[in-house]
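Residue 10 is where the sequence shown starts when you use my numbering, and the numbers rise one by one after that.
Note sheet for the following structure.
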Amino acid sequence: MTRIWMGLALGLGLSACGGTPPFGGEGGGDTEAGSDSVYFAESNDTMTLNNITYDPTTDTLTLNNIPFDDPDNAYERIAQENFSNNFDAYESAPKAGTNEVQYFAVFRRSDSGASQVAAAGTNGYIEFGYGGAGAQRLGNRPNLPSSGIYSYNGEYAAVRTTRDGTNDGVTFVTGDANLRVDFNDFDVVGAAGGSIGNREVYNVNGQRIGALDGFISLTDTTIDFDNSNIGSATATEIDGTGTTTGASGNWQGVFAGPNGSEIAGIVFVEGSETREVGGFIATQ
10 MTRIWMGLAL GLGLSACGGT PPFGGEGGGD TEAGSDSVYF AESNDTMTLN
60 NITYDPTTDT LTLNNIPFDD PDNAYERIAQ ENFSNNFDAY ESAPKAGTNE
110 VQYFAVFRRS DSGASQVAAA GTNGYIEFGY GGAGAQRLGN RPNLPSSGIY
160 SYNGEYAAVR TTRDGTNDGV TFVTGDANLR VDFNDFDVVG AAGGSIGNRE
210 VYNVNGQRIG ALDGFISLTD TTIDFDNSNI GSATATEIDG TGTTTGASGN
260 WQGVFAGPNG SEIAGIVFVE GSETREVGGF IATQ
């Protein structure tokens with residue numbers, strides 16, 4: 010009952026915010042990283058994540074600006090996780106007798122070390138609750154090609170939540186990211202788009218429990234050559250028959266590595282009953 014009341018109370022408070030992110034100020038995200046990062050803080054009031062740090066020595070993931078997760082914003086690795094790709098699963102560790110909420114997250118740093126992505130969600134609310142996703146470029150901003158069409162392929166992971174606030178209300182998802190980039194299209198502003206497919210579902214312990222039919226379509230969008238980023242565009246979930254499930258949202262990303270040979274991106278789709286928020290790293 011405590012969880013249900015908290016969900017209702019915060020939901021009422023959020024509806025009165027008038028579109029302003031309640032924990033993220035103006036919703037700009039990681040001010041220190043500037044154009045080297047993208048987040049969903051400006052797209053959805055409850056997706057408040059605005060900075061990611063990772064300590065490989067302790068295998069600790071720190072996700073900033075998510076309310077009620079942990080006083081230190083720390084997430085611990087789920088040791089028994091058995092994902093089919095190189096993403097890892099994490100969880101917050103709420104202390105008994107506090108108002109801390111259990112959150113779950115996925116994270117990956119690219120093989121090159123040039124970028125990283127994370128996404129988080131919770132089943133601690135009647136609605137979808139707070140969370141978010143972020144993609145960060147960790148090295149220098151690359152100089153992108155002025156022409157050429159390239160394929161980028163890689164890995165995806167997400168946290169998938171339902172509105173019911175039950176123990177089965179959150180799962181992990183892995184998948185494949187396939188993108189195409191034309192650096193001299195749309196009147197020399199470039200084009201990028203693709204899909205997320207082969208999605209597999211895991212329980213909160215990171216054990217596989219099944220698969221999701223269909224894919225997520227990443228609508229073509231433009232390239233910001235000044236910042237080596239990919240602009241926000243629509244993401245749509247398509248079922249196994251080729252029909253939209255009614256879940257949609259956005260995707261965007263950053264180029265990293267020599268000549269933009271790597272893309273770190275974030276994706277979310279939301280329908281009447283489910284939200285999936287994730288990230289991908291894909292290379293040429």
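Built from N, CA and C at the ideal position, the CB exists for glycine as well.
These numbers come from a predicted model, not from an experiment.
ask   = Between residue 186 and residue 165, is the Cβ-Cβ spacing less than 8 angstroms?
value = Working through the sequence shown from its first residue, we reach residue 186 at position 177. Working through the sequence shown from its first residue, we reach residue 165 at position 156. Contact: yes.
request  = State the DSSP-derived secondary structure class of residue 268, mapped to helix, strand or coil.
outcome  = The sequence position of residue 268 within the sequence shown is 259, counting from 1. Three-state result, residue 268: helix.
inquiry  = I need the straight-line Cα distance from residue 131 to residue 156, nearest angstrom please.
reply    = Residue 131 sits at position 122 when you count from the first residue of the sequence shown. Residue 156 sits at position 147 when you count from the first residue of the sequence shown. Going from the Cα of residue 131 to the Cα of residue 156 covers about 42 angstroms.
inquiry  = Considering only the alpha carbon of each residue, which of 222, 188, 234 lies closest to residue 316?
reply    = Coverage of the chain is limited to positions 10 through 293, which leaves residue 316 absent and any answer about it impossible.
key: Spatially closest choice to residue 152 from 288, 268, 188, by CA coordinates   = Within the sequence shown, residue 152 is the residue found at index 143, counting from 1. Of the candidates 288, 268, 188, the one whose C-alpha sits nearest the C-alpha of residue 152 is 268.
Distance, residue 125 Cα to residue 62 Cα = As a first step, residue 62 must be located in the sequence shown, where it is residue number 53. As a first step, residue 125 must be located in the sequence shown, where it is residue number 116. Approximately 9 angstroms, taken between the alpha carbons.
message = Please state the DSSP three-state secondary structure of residue 156.
response = By one-based count along the sequence shown, residue 156 stands at place 147. When DSSP states are grouped into helix, strand and coil, residue 156 belongs to the coil group.
inquiry  = Determine whether the beta carbon atoms of residue 114 and residue 129 lie at a separation below 8 angstroms.
reply    = Mapped onto the sequence shown, residue 114 falls at position 105. Mapped onto the sequence shown, residue 129 falls at position 120. Cβ atoms of residue 114 and residue 129: closer than 8 angstroms.
request  = Return yes when the Cβ of residue 278 is within less than 8 angstroms of the Cβ of residue 141, no when it is not.
outcome  = Along the sequence shown, read from residue 1 onward, the residue named residue 141 stands at position 132. Along the sequence shown, read from residue 1 onward, the residue named residue 278 stands at position 269. Residue 141 places its beta carbon 8 angstroms or farther from that of residue 278.
key: With 16 other Cβ atoms within 10 Å as the buried cut-off, status of residue 78   = Here residue 78 refers to the residue found at position 69 of the sequence shown. It is buried - the Cβ of residue 78 has at least 16 other Cβ atoms within 10 Å.
ask   = Roughly how many whole angstroms lie between the Cα atoms of residue 212 and residue 133?
value = Along the sequence shown, one-based indexing puts residue 212 at 203. Along the sequence shown, one-based indexing puts residue 133 at 124. The straight-line gap from Cα to Cα measures roughly 16 angstroms.
ask   = Considering only residues of the same chain and omitting the five flanking positions on each side of residue 83, which have a CB-CB separation below 7 angstroms?
value = For the purposes of this step, residue 83 is identified with residue 74 of the sequence shown, where counting begins at 1. Correct list, in chain order: 69, 71.
inquiry  = Taking the beta strand (DSSP E) that residue 246 belongs to, which residues open and close that run?
reply    = One-based indexing of the sequence shown puts residue 246 at position 237. Unbroken beta strand (DSSP E) run through residue 246: 238-247.
ask   = Alpha carbon to alpha carbon, how far is residue 169 from residue 92?
value = Counted from its first residue, the sequence shown places residue 169 at position 160. Counted from its first residue, the sequence shown places residue 92 at position 83. For residue 169 and residue 92, the distance between alpha carbons rounds to 15 angstroms.
inquiry  = Based on DSSP bridge pairs, tell me the residues matched to residue 330.
reply    = Lying before the first or after the last residue shown, residue 330 is absent from the chain, which here runs from 10 to 293.
Residue 222, DSSP secondary structure in three states = Taking the sequence shown and counting its residues from 1, one reaches residue 222 at position 213. Coil, per DSSP.
key: Straight-line gap, residue 266 to residue 150 (C-alpha atoms, nearest Å)   = Position 257 of the sequence shown, counting from 1, holds the residue named residue 266. Position 141 of the sequence shown, counting from 1, holds the residue named residue 150. The straight-line gap from Cα to Cα measures roughly 8 angstroms.
key: Pairwise C-alpha distance: residue 262 and residue 45   = What you label residue 45 is simply residue 36 of the sequence shown in a count that begins at 1. What you label residue 262 is simply residue 253 of the sequence shown in a count that begins at 1. Cα-Cα distance, rounded: 10 angstroms.
Reduced DSSP secondary structure (H/G/I, E/B, other) of residue 44 = Position 35 of the sequence shown holds residue 44. Here residue 44 sits in helix by DSSP.
task = Could you give the DSSP three-state label for residue 93: helix, strand or coil?
result = If you number the sequence shown from 1, residue 93 lands on position 84. In the structure shown, residue 93 sits in coil (DSSP, three-state: anything other than H, G, I, E or B).
task = Can you say whether residue 218 is buried or exposed, counting buried as having 16 or more other CB atoms within 10 angstroms of its CB?
result = Here residue 218 is taken as the residue at index 209 of the sequence shown, counted from 1. With fewer than 16 Cβ atoms within 10 Å of its Cβ, residue 218 is classed as exposed.
task = Would you mind sorting residue 226 into buried or exposed? The rule is 16 or more other CB atoms within 10 Å of its CB.
result = Position 217 of the sequence shown, counting from 1, holds the residue named residue 226. With 16 or more other Cβ atoms within 10 Å, it is buried.
DSSP state of residue 130 mapped onto helix, strand, coil = Position 121 of the sequence shown, counted from the first residue, corresponds to residue 130. Three-state result, residue 130: strand.
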